[in-house]
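Residue numbers are given in my numbering: position 72 of the sequence shown equals residue 995, and the series is strictly consecutive. Here's the structure, in structure tokens; my notes come after.
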Amino acid sequence: MCDWLKHKEVAMRRLRWWHIPLGIAAVAFAVFWVLVLSGQKTWFSEQPPLMIIPDMDDQFRVDPQEASRFFADRRSFRTPPEHTVPRNASAYPFGQADVAEAEKRFPTAPIPATPFVLALGKNRYEAFCQPCHGPEGKGDGTIVQRGFVQPPDLTRPEARAYSDGRIFHVISAGQNIMPSYAGKLTEPERWAIVHYIRKLQQSAMTAAAVPAGAGALSQVNKRGEGQ
């Protein structure tokens, strides 16, 4: 027993202070590489890896076009419940037939037609409206060219007589077979489209006021001046 204690005392005397952090670092280094190598999926084996924390690898979600493992019909993309709207969207309070109420609520556009607003309206119009109404609002979009029902011409006199609120209402609630865009466009974006439609209407009126052949004559004059 005395020999053992004597040997222990000698061993403790030989232990330096830096031996302790060195030992801790060695153990940590070994544990780190065990975790790294056990988590690899393709280095050494085709078997599933040993996942220390599996939550990030095994998530309760589906990739695009992937079948669901939860629902019986295997459909991953579910139909939202009735009256569901995006979290950042505001519900539109009127139906298609509530034109008078909408015009009373929204008599004029609450935002001015600044260059930024017109640029925003052009961008959203081209993305959401142009496929049906065409680039100039004349109802000659690509879907019409493929046999779909032609929508109204937004530059006709009747449409020019609409109030801003009525155009906003049609965009928000839909009209006839046109769906509502209240859940796809924010309220400022819909008002921006209203301003852009007004710009299309003004452009159509300006073009109609030019006498027939004046455009071609102007081009001839410009060519003559260039010579």
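Ideal Cβ positions, reconstructed from N, Cα and C, are used throughout, including at glycine. Small disclaimer: the values here were computed from a predicted structure and weren't measured.
query                                                                                                                                                                  : result
Would residue 1087 and residue 1121 be called neighbours here (beta carbons separated by less than 9 Å)?                                                               : yes
Taking just the CA atoms, how far does residue 992 sit from residue 1022?                                                                                              : 46 Å
Compute the Euclidean distance between the alpha carbons of residue 994 and residue 1130, then round it to the nearest angstrom.                                       : 57 Å
Do residue 1041 and residue 1077 have their C-beta atoms within less than 9 Å of each other?                                                                           : no
Use the C-beta contact count for residue 956: other C-beta atoms within 10 angstroms, 16 or more gives buried, fewer gives exposed.                                    : exposed
Rounded to a whole number of angstroms, what is the C-alpha to C-alpha distance between residue 1017 and residue 1089?                                                 : 12 Å
Between which two residues does the alpha helix (DSSP H) harbouring residue 1059 extend?                                                                               : Looking at the DSSP string, residue 1059 is not in any alpha helix (DSSP H), and its letter there is neither H nor E.
Identify the residues that DSSP records as bridge partners of residue 1128: which are they?                                                                            : In the DSSP output, where bridge partners are listed per residue, residue 1128 has none listed.
Is residue 1032 buried or exposed, if buried means 16 or more other CB atoms sit within 10 Å of its CB?                                                                : buried
Looking only at its chain, what residues have a beta carbon closer than 7 Å to the beta carbon of residue 1132, apart from the 5 residues adjacent to it on each side? : none
Roughly how many angstroms separate the alpha carbons of residue 1038 and residue 1020, rounded to a whole number?                                                     : 33 Å
Who are the Cβ neighbours of residue 943 in its own chain at under 8 Å, not counting the five residues just before and after it?                                       : none
Any idea if residue 986 is buried or exposed, counting beta-carbon neighbours within 10 angstroms, 16 or more meaning buried?                                          : exposed
Am I right that residue 1062 and residue 1054 are in contact with their C-beta atoms under 8 Å? What's the rounded C-beta distance?                                    : With a Cβ gap of about 11 Å, residue 1062 and residue 1054 do not count as contacting.
Any idea what DSSP makes of residue 982, helix, strand or coil?                                                                                                        : coil
Exposed or buried, residue 1006, counting other C-beta atoms within 10 Å across all chains shown (16 or more means buried)?                                            : exposed
Going by DSSP, what residue range makes up the alpha helix (DSSP H) through residue 1026?                                                                              : 1022-1028
Identify the continuous alpha helix (DSSP H) that holds residue 1046 and give its terminal residues.                                                                   : 1038-1047
Run through the DSSP bridge pairs and tell me what residue 1098 is partnered with.                                                                                     : 1101
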